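**Q**
Chains as they are written, first to last, in the numbering used here: chain U, 3 to 270; chain Y, 3 to 270.
1. Rounded to whole angstroms, what's the CA-CA distance from residue 43 of chain Y to residue 205 of chain U? Just pull it up for me.
2. Residue 174 of chain U by DSSP, collapsed to three states: which one?
3. In the DSSP assignment, the beta strand (DSSP E) including residue 82 of chain U goes from what residue to what residue?
4. Can you tell me whether residue 195 of chain Y is buried or exposed? The criterion is at least 16 other CB atoms within 10 Å of its CB, across all chains shown.
5. Below 8 Å on the Cβ atoms is my guess for residue 151 of chain Y versus residue 210 of chain Y; work out the distance and round it to an integer in Å.
6. Within the same chain, show all residues whose beta-carbon is closer than 8 Å to that of residue 73 of chain Y, passing over the 5 residues directly before and after it, in chain order.
7. For residue 126 of chain Y, name the three-state secondary structure that DSSP assigns.
8. I'd like to know whether the C-beta atoms of residue 45 of chain Y and residue 16 of chain Y end up nearer to each other than 9 Å.
9. So, under 8 Å CB-CB, residue 4 of chain U and residue 181 of chain U are touching, yes? Tell me the CB distance rounded to an integer number of Å.
10. Would you kindly check if the distance between the Cβ of residue 217 of chain U and the Cβ of residue 178 of chain U is under 9 Å?
11. Starting from residue 140 of chain Y, follow its DSSP beta bridges and name the residues at the other end.
12. Run through chain U and tell me which residues come within less than 7 Å of residue 50 of chain Y, C-beta to C-beta.
13. What residue range does the beta strand (DSSP E) around residue 97 of chain Y cover?
14. So residue 112 of chain Y contacts chain U; which residues on that side make the cut at Cβ distance below 9 Å?
15. At what residues does the alpha helix (DSSP H) containing residue 196 of chain Y begin and finish?
16. Below 8 Å, how does it come out for the stretch 69 to 89 of chain Y and the stretch 31 to 40 of chain Y: are there three or more Cβ pairs, yes or no?
17. Kindly indicate which residue of Y:67, Y:88, Y:233 has the alpha-carbon position closest to the one of residue 18 of chain Y.
18. Taking the continuous beta strand (DSSP E) assigned at residue 118 of chain U, which residues delimit it?
19. Starting from the Cα of residue 131 of chain U, find the closest Cα among U:51, U:203, U:165, U:47 and give me that residue.
20. Who are residue 179 of chain Y's beta bridge partners in DSSP?
21. Are the beta-carbon atoms of residue 1 of chain U and residue 239 of chain U separated by less than 9 Å?
22. Just the Cα atoms here: how many angstroms apart are residue 107 of chain Y and residue 160 of chain Y?
23. Which of the residues in the stretch 182 to 209 of chain Y, read from start to end, lie with their CB under 7 Å from any CB of chain U?
24. Please classify residue 198 of chain U as buried or exposed, where buried requires at least 16 other C-beta atoms within 10 Å of its C-beta.
25. Counting only Cβ pairs nearer than 8 Å, list the residues of chain Y close to residue 45 of chain U.
26. Note down, in chain order, each residue of its chain lying with its Cβ closer than 6 Å to the Cβ of residue 127 of chain Y, except the 5 sequence neighbours on either side.
27. Compute the Euclidean distance between the alpha carbons of residue 144 of chain U and residue 168 of chain U, then round it to the nearest angstrom.
28. Determine the chain Y residues that contact residue 226 of chain U at a beta-carbon separation under 8 Å, and present them in chain order.
29. Are any of the Cβ atoms in chain Y nearer than 9 Å to that of residue 166 of chain U?
30. Could you tell me if residue 129 of chain Y is buried or exposed, where buried requires 16 or more neighbouring beta carbons within 10 angstroms of its beta carbon?
31. Determine the direct distance from the alpha carbon of residue 63 of chain U to that of residue 202 of chain Y, and round the result to whole angstroms.
Next up, the structure:
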């Protein structure tokens, strides 16, 4: 299963952000690519007070483009996330498209990001967004995949549920920052892969000095044994990586963690 | 809260293993030490087929010694673990003693270690031991503490339960090996601390070239932000570390993770 990830420098110009995705697929040899993966808020700046200005419905202009690209290039797209308008609310939502261009599902970010670290970073999505209330596991021709967004990854309960529901690859479009990124990004992503014995594919926007939110970058792909297969730097990058899905069963045979759960003991 | 940890080279001679603990406390200035922490199977080799030979009851000779040491030195002891005989069964159990010498609780390892990595390591505790069936959270004068043993740490459900039950420090007597240790030990321990915003204190025996099981060593203490406060090497070592318990509330205010749980969404 071959993955192409884009770690784009996102600007205030939505059409420029979308054109960057289109151009990537024109420039790359995509015949053997199975999944294109985009990061959280790939079509607009990660600034909570602006999400409403950029919000659109799903389906809408952004997913129309992704649909065309998925079908033109015959690949799945995990469409990072966009601000989704639905009724009077805005969600942080990740649309997933199959190679026919069909939207096969979307994940609405469940856990909204709240951080209050004086002198470092303050951010509160919950003032501007509504949270989703469903775990997202979707069937693909490579087996089931899980999708969650950024802060969702801090809750092992959610990812465990995805693994138990059969996810073999968990996609995590994200946008950690230069405070939480260096402290938490890599050990937490590796541990989710180690605990659940799945692949973890986590994308981030590139750092943009001009934006108020300093994304960490460091898009990361981890195998089911916890090994880092590829890690980006902070700047704009594209990454390709091949996932050997047989590795999942190999690791699960080695350490039968998911067969050793004792739900009758856990107090959660 | 000051912690003294011993990473002992464990031999086949139980009295020698116990004398090592006694001597440590004689040699150290223990007046300001609050907790002595020992590793998994500190009184016998970590060899599953021998656990029955070394097994004793709790209370029994080993906890009698720990009781005397706790009271003589006025400190808590997280007594690593020992093979505990109870009825016809043997458990992998961690006794905890208070500064009066009283056994205030014990944790029986819940998840028994099974690994089958051909050419690297094969081990199956479940053939020789019975598993416990209770989460262990104990009150101390420093607040609640959680205790789990080695393979238990691979199950985030268990540690989350301990944190929700108020644990501020989670003790993990363990004995990872030279295969799983380098691959998993540090990221998993750091992530448990990051997710639950508690201190994590994980002890290991030293590596002993003469024993069939090659312990990883690397006893580790992590703060609630995921920073490693101290890490041992592979050999015999004693470590001291001071835990600033105010850090817990500081980190929980910074990122209110435990207030953001959505149990209604999790499928586990």
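For each residue, glycine too, the CB sits at the ideal point set by N, CA and C. Only a predicted model underlies this, so the values are computations on that prediction, with no experimental measurement involved.
**A** If we stick to the structure as given:
1. Distance from the CA atom of residue 43 of chain Y to the CA atom of residue 205 of chain U, rounded to whole angstroms, is 42 Å.
2. Here residue 174 of chain U sits in strand by DSSP.
3. It is not in any beta strand (DSSP E) - residue 82 of chain U carries neither H nor E in the DSSP assignment.
4. Result: buried.
5. With 8 Å as the limit, residue 151 of chain Y and residue 210 of chain Y do not qualify as a contact, their Cβ atoms being about 19 Å apart.
6. So the list reads 101, 102, 103, once near-sequence residues are dropped.
7. For residue 126 of chain Y, the three-state secondary structure derived from DSSP is strand.
8. Cβ distance < 9 Å, so residue 45 of chain Y and residue 16 of chain Y count as in contact.
9. In fact, because the Cβ distance is near 33 Å, the residues do not count as touching under 8 Å.
10. For residue 178 of chain U and residue 217 of chain U, yes; Cβs fall inside 9 Å.
11. Beta-bridge partners assigned by DSSP to residue 140 of chain Y: Y:147.
12. Those do not exist, as residue 50 of chain Y stays about 16 Å from chain U at its closest Cβ, beyond 7 Å.
13. That run of the beta strand (DSSP E) goes 91 to 99.
14. Per Cβ cutoff of 9 Å: 264, 267.
15. From DSSP, the alpha helix (DSSP H) with residue 196 of chain Y extends over 188 to 198.
16. Because the criterion of three Cβ pairs below 8 Å is met, the stretch 69 to 89 of chain Y and the stretch 31 to 40 of chain Y touch.
17. Of the candidates Y:67, Y:88, Y:233, Y:67 places its Cα closest to the Cα of residue 18 of chain Y.
18. That run of the beta strand (DSSP E) goes 116 to 119.
19. Of all alpha-carbon atoms in U:51, U:203, U:165, U:47, the one lying nearest the alpha-carbon of residue 131 of chain U is that of U:51.
20. For residue 179 of chain Y, which the question treats as bridged, DSSP gives the partners Y:217.
21. A query on residue 1 of chain U cannot be resolved here, the shown segment of chain U reaching from 3 to 270 and no further.
22. If you take the alpha carbons of residue 107 of chain Y and residue 160 of chain Y, they lie about 17 Å apart.
23. Within the stretch 182 to 209 of chain Y, the residues whose Cβ lies closer than 7 Å to some Cβ of chain U are 185, 186, 189, 190, 192, 193, 196, 197, listed in chain order.
24. Under this definition residue 198 of chain U is a buried residue.
25. For the C-beta of residue 45 of chain U, not a single chain Y residue is nearer than 8 Å; the gap to the nearest is close to 26 Å.
26. 50, 114, 115, listed in sequence order.
27. Rounded to the nearest whole angstrom, the C-alpha separation of residue 144 of chain U and residue 168 of chain U is 12 Å.
28. In chain order: nothing, as chain Y lies at least about 11 Å away.
29. Yes, because at least one Cβ of chain Y sits closer than 9 Å to the Cβ of residue 166 of chain U.
30. By the Cβ-count criterion, residue 129 of chain Y is exposed, with fewer than 16 other Cβ atoms from all chains shown falling within 10 Å of its own Cβ.
31. Distance between the alpha carbons of residue 202 of chain Y and residue 63 of chain U: 48 Å.
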